[in-house]
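Working notes for the structure below.
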Amino acid sequence: MASALINVPKKAKFGDVIEIKTLISHIMETGFRHSTTGVPIPRDIITSFVCTYNNEEIFRAVLYPAIAANPFFIFTTIATESGTIEFTWQGDNGFLATASATITVE
Amino acid sequence: MSKSRKTAATRRQFLAVAGGVASSAFVSVRHASATPASMASAIRQVTGEAVVQPGKVQLDVPPLVENGNTVSLMVSVTSPMTTADYVKSIHIFNEKNPQPNVVAFHLGPRAGRAQVSTRIRLADTQTVVAIARMSDGSLWSAKADVIVTLAACVEDL
Amino acid sequence: MIVNSKRTQWLAPVAVMLGFAAIEVISAHAEIPLGERRSGYADLAPDTKAMQDDDTANPGMLWVQDGEALWNAKSGAANRACADCHNDARTTMTGVAARYPAFNSKLGRPIDLEQRINLCRVERQQASAFAYESKELLSLSAFIGKQSRGEPIAPPTDERLRPFLEAGLEQFNRRQGQLNLSCGQCHDDNWGKRLAGSLIPQAHPNGYPLYRLEWQAVGSLQRRLRNCIVGMRAEPYDYGAPEYVSLEIYLMWRARGLPIETPAVRP
Numbered sequence: 001m002a003s004a005l006i007n008v009p010k011k012a013k014f015g016d017v018i019e020i021k022t023l024i025s026h027i028m029e030t031g032f033r034h035s036t037t038g039v040p041i042p043r044d045i046i047t048s049f050v051c052t053y054n055n056e057e058i059f060r061a062v063l064y065p066a067i068a069a070n071p072f073f074i075f076t077t078i079a080t081e082s083g084t085i086e087f088t089w090q091g092d093n094g095f096l097a098t099a100s101a102t103i104t105v106e
Numbered sequence: 001m002s003k004s005r006k007t008a009a010t011r012r013q014f015l016a017v018a019g020g021v022a023s024s025a026f027v028s029v030r031h032a033s034a035t036p037a038s039m040a041s042a043i044r045q046v047t048g049e050a051v052v053q054p055g056k057v058q059l060d061v062p063p064l065v066e067n068g069n070t071v072s073l074m075v076s077v078t079s080p081m082t083t084a085d086y087v088k089s090i091h092i093f094n095e096k097n098p099q100p101n102v103v104a105f106h107l108g109p110r111a112g113r114a115q116v117s118t119r120i121r122l123a124d125t126q127t128v129v130a131i132a133r134m135s136d137g138s139l140w141s142a143k144a145d146v147i148v149t150l151a152a153c154v155e156d157l
Numbered sequence: 001m002i003v004n005s006k007r008t009q010w011l012a013p014v015a016v017m018l019g020f021a022a023i024e025v026i027s028a029h030a031e032i033p034l035g036e037r038r039s040g041y042a043d044l045a046p047d048t049k050a051m052q053d054d055d056t057a058n059p060g061m062l063w064v065q066d067g068e069a070l071w072n073a074k075s076g077a078a079n080r081a082c083a084d085c086h087n088d089a090r091t092t093m094t095g096v097a098a099r100y101p102a103f104n105s106k107l108g109r110p111i112d113l114e115q116r117i118n119l120c121r122v123e124r125q126q127a128s129a130f131a132y133e134s135k136e137l138l139s140l141s142a143f144i145g146k147q148s149r150g151e152p153i154a155p156p157t158d159e160r161l162r163p164f165l166e167a168g169l170e171q172f173n174r175r176q177g178q179l180n181l182s183c184g185q186c187h188d189d190n191w192g193k194r195l196a197g198s199l200i201p202q203a204h205p206n207g208y209p210l211y212r213l214e215w216q217a218v219g220s221l222q223r224r225l226r227n228c229i230v231g232m233r234a235e236p237y238d239y240g241a242p243e244y245v246s247l248e249i250y251l252m253w254r255a256r257g258l259p260i261e262t263p264a265v266r267p
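Chains as they are written, first to last, in our numbering: chain A, 1 to 106; chain B, 1 to 157; chain C, 1 to 267.
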């Protein structure tokens with residue numbers, strides 16, 4: 001599985017707006033390039049990224065070839081309850097990667 | 001590596017360095033690229049015939065980037081982000097990559113703040129546009145001009 | 001035809017930068033005084049600096065993470081992990097990257113960190129060597145390099161290295177390629193100036209392996225050197241060639257005292 005780096009605060013106060021950062025290794029081959037011999041290089045990108053908080057979707061991104069290699073996102077959510085924040089990346093050629101982090105809300 | 005391949009690769013690379021006009025290695029230059037017209041039609045796919053007003057959206061992209069392969073982008077929208085009044089989605093477009101769409105973010109009141117960062121690719125000096133759709137259906141936009149410089153001493157692949 | 005016109009376009013910025021007359025006159029360069037030496041980091045745009053400064057935003061850390069997994073994985077006919085012999089890299093590998101290339105008595109020549117890793121791969125794990133620029137070798141060298149972050153570059157004081165250091169110095173100042181340029185003409189004499197939009201850095205090796213935006217990936221110092229050699233329109237050596245190792249020795253000596261930044265970010 002592709003490696004991913006997730007940054008979620010381990011602890012937060014109820015009602016705080018917390019910042020979530022995600023980085024995943026992926027070449028994001030655009031599909032618009034050609035090899036040195038002129039053969040088109042097929043597209044191979046991540047097309048969707050979803051973040052859920054205790055199973056409820058809180059953020060979703062639809063990606064196109066113009067997202068840089070090793071896609072990186074920073075977004076926010078309100079700390080509502082302790083639990084699990086899960087991440088799913090899906091893409092071309094059946095690409096699927098998941099990661100999760102736990103958070104304690106006081 | 002055979003001699004002939006080496007020479008060919010060197011020449012290609014050299015063209016990439018010398019090209020000046022063209023982009024860095026990421027987009028094949030010969031390929032038809034997006035135009036302001038195709039960006040407009042990609043925007044219409046999202047907005048329909050609704051009016052897009054300038055304002056409420058702030059788009060932060062460095063005005064001069066060192067390499068178009070990785071350009072930091074931050075977009076934020078002025079909104080209370082309550083269940084009654086929030087940002088539903090933010091869509092990013094560009095003029096000159098081979099495809100006008102860059103990314104779409106879907107969020108809601110649970111975000112607490114309408115602010116997202118990512119990294120994008122820009123094939124050339126161009127304008128980037130962000131459009132936000134609010135929970136009341138209104139559409140707001142911002143744009144940013146970016147100058148993309150070329151890397152020297154690139155690859156022999 | 002087209003090649004010719006492009007060729008003059010490349011020559012043009014170089015000519016403007018150096019002054020054609022100057023190219024003919026310059027022969028020996030002034031080395032950069034120690035006090036003026038600065039990492040390529042100093043020349044980065046603010047958003048590129050920010051990318052390097054924050055481990056949760058630096059894509060190079062993806063390679064470091066993979067390297068840590070490899071460090072702990074048993075492999076080869078010996079079925080040993082790097083960690084089985086070297087324990088926790090956080091303590092055992094501190095400062096190691098800051099003193100390579102080093103002289104290897106058994107081989108009777110200097111080796112760089114990548115070659116050192118492959119020696120253990122072959123001799124200790126009894127596995128096949130990792131290819132240059134393979135994900136595995138980059139990840140392991142990024143992981144080991146990261147353990148020296150902040151440590152000053154400290155080339156070994158080993159008399160056996162001297163001839164190789166001198167060879168590296170000679171290479172650095174030798175005019176080569178169809179543009180008849182030396183490394184020093186750009187990196188000693190014209191650092192801080194622009195070449196077709198790019199700032200010319202002092203060419204220090206303290207961030208490698210690093211995430212180069214141009215590559216959209218982590219790459220080794222040898223890959224970086226190849227890029228400059230191709231830019232000079234000279235023939236690059238094959239990966240692993242002794243010429244790279246002696247250039248690396250000279251670059252490390254020239255950058256002595258600069259802190260290691262692995263995995264750095266560069267345009």
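Ideal placement from N, C-alpha and C gives every residue a C-beta, glycine not left out.
Amino acids of chain A, ordered along the chain, whose beta-carbon sits closer than 9 Å to that of residue i
i, result
"B:R121", "M28, T30, P65, A66, I67, A68 and A69"
"B:R44", "Result: empty, since nearest Cβ-Cβ is about 17 Å, beyond 9 Å."
"B:S117", "K21, F72, F73, I74 and F75"
Chain A contact residues for residue i, given Cβ-Cβ distances below 7 Å
i, result
"C:M61", "L5"
"B:G112", "V17, T76, T77 and I78"
For residue i, the first and last residue of its enclosing alpha helix (DSSP H)
i, result
"C:M51", "P46 to D53"
"A:V62", "A:V62 -> not in any alpha helix (DSSP H); beta strand (DSSP E) instead, spanning E56 to L63."
"C:I144", "K135 to K146"
"C:F164", "R162 to N173"
"C:L251", "P242 to R254"
"C:S91", "Per the sequence shown, the amino acid found at residue 91 of chain C is Thr instead of Ser. A89 to T92 is the span of the alpha helix (DSSP H), which, as asked, contains C:T91."
"B:S41", "P36 to T47"
"C:L221", "L221 to G231"
"B:E66", "B:E66 -> no alpha helix (DSSP H), and no H or E assigned at all."
"C:L113", "L113 to L119"
"C:Q185", "C183 to H187"
Per-residue contacts from residue i into chain B (C-beta, under 7 Å)
i, result
"C:D47", "P62 and S72"
"A:R60", "H106"
Interface partners of residue i on chain B, CB under 9 Å
i, result
"C:P110", "In chain order: nothing, as chain B lies at least about 25 Å away."
Limits of the unbroken beta strand (DSSP E) element including residue i
i, result
"A:E86", "G83 to G91"
"A:I6", "A4 to N7"
"C:A69", "It is not in any beta strand (DSSP E) - C:A69 instead sits in the alpha helix (DSSP H) that spans G60 to W71."
"C:Y211", "L210 to R212"
"B:H91", "V87 to N94"
"B:A142", "L139 to V148"
"B:Q53", "V52 to P54"
"B:A132", "Q126 to M134"
"C:H86", "First-last for C:H86: C82 to H86, but that is the alpha helix (DSSP H), not the beta strand (DSSP E)."
"B:H106", "N101 to H106"
Within chain A, partners of residue i - CB distance below 8 Å
i, result
"B:V102", "Y64, A66 and I67"
For residue j and residue i, believed in contact at Cβ under 8 Å, the rounded distance
i, j, result
"A:I45", "A:G91", "6 Å"
"B:S135", "B:V52", "Rounded, the Cβ-Cβ distance is 16 Å, inconsistent with contact."
"C:Q208", "C:S220", "It should be pointed out that residue 208 of chain C corresponds to Tyr in this sequence rather than to Gln. That belief holds up - the Cβ atoms of C:Y208 and C:S220 are roughly 6 Å apart, short of 8 Å."
"B:G112", "A:V17", "4 Å"
"B:T149", "B:L64", "7 Å"
"B:V146", "B:T118", "Incorrect: roughly 14 Å between the Cβ atoms, too far for contact."
"C:R80", "C:R109", "Not really, about 26 Å apart at Cβ, beyond 8 Å."
*Does the count of Cβ pairs from the segment 125-134 of chain C and the segment 41-57 of chain C closer than 8 Å reach three?*
no
*Got a sec: which bits of the segment 11-25 of chain A sit with their beta carbon under 7 Å from any beta carbon on chain B, in order along the chain?*
V17
*When you check each C-beta in the segment 203-222 of chain C against every C-beta of chain A, which residues fall closer than 8 Å?*
Q216 and A217
*May I ask you to verify whether the segment 160-178 of chain C touches the segment 240-248 of chain C, counting CB pairs closer than 8 Å and requiring at least 3?*
yes
*Name, going along the chain, the residues of the segment 68-98 of chain B whose beta-carbon falls closer than 9 Å to a beta-carbon of chain C.*
G68, N69, T70, V71 and S72
*Check whether the segment 62-71 of chain B touches the segment 53-69 of chain A, taking contact to mean three or more Cβ pairs, one atom from each stretch, closer than 8 Å.*
yes
*How about the segment 77-90 of chain B and the segment 47-61 of chain B: do they share at least three Cβ pairs that are nearer than 8 Å?*
yes
*May I ask you to list, following chain order, the residues of the segment 86-120 of chain C that have a beta carbon less than 9 Å from some beta carbon of chain A?*
none
*In chain order, what residues of the segment 50-82 of chain C put their CB closer than 7 Å to some CB of chain A?*
T56, A57, P59, M61, L62, Q65 and D66
_Check whether the segment 82-90 of chain A and the segment 46-54 of chain A are in contact - that is, three or more C-beta pairs closer than 8 Å._
yes
*Pairing CB atoms from the segment 168-183 of chain C with CB atoms from the segment 96-112 of chain C, are three or more of them under 8 Å?*
no
_Closer than 8 Å is the cut-off here; do at least three beta carbon pairs connect the segment 69-80 of chain C with the segment 26-40 of chain A?_
no
_Contact the segment 215-229 of chain C vs the segment 137-149 of chain C: 3+ CB pairs below 8 Å_ = yes
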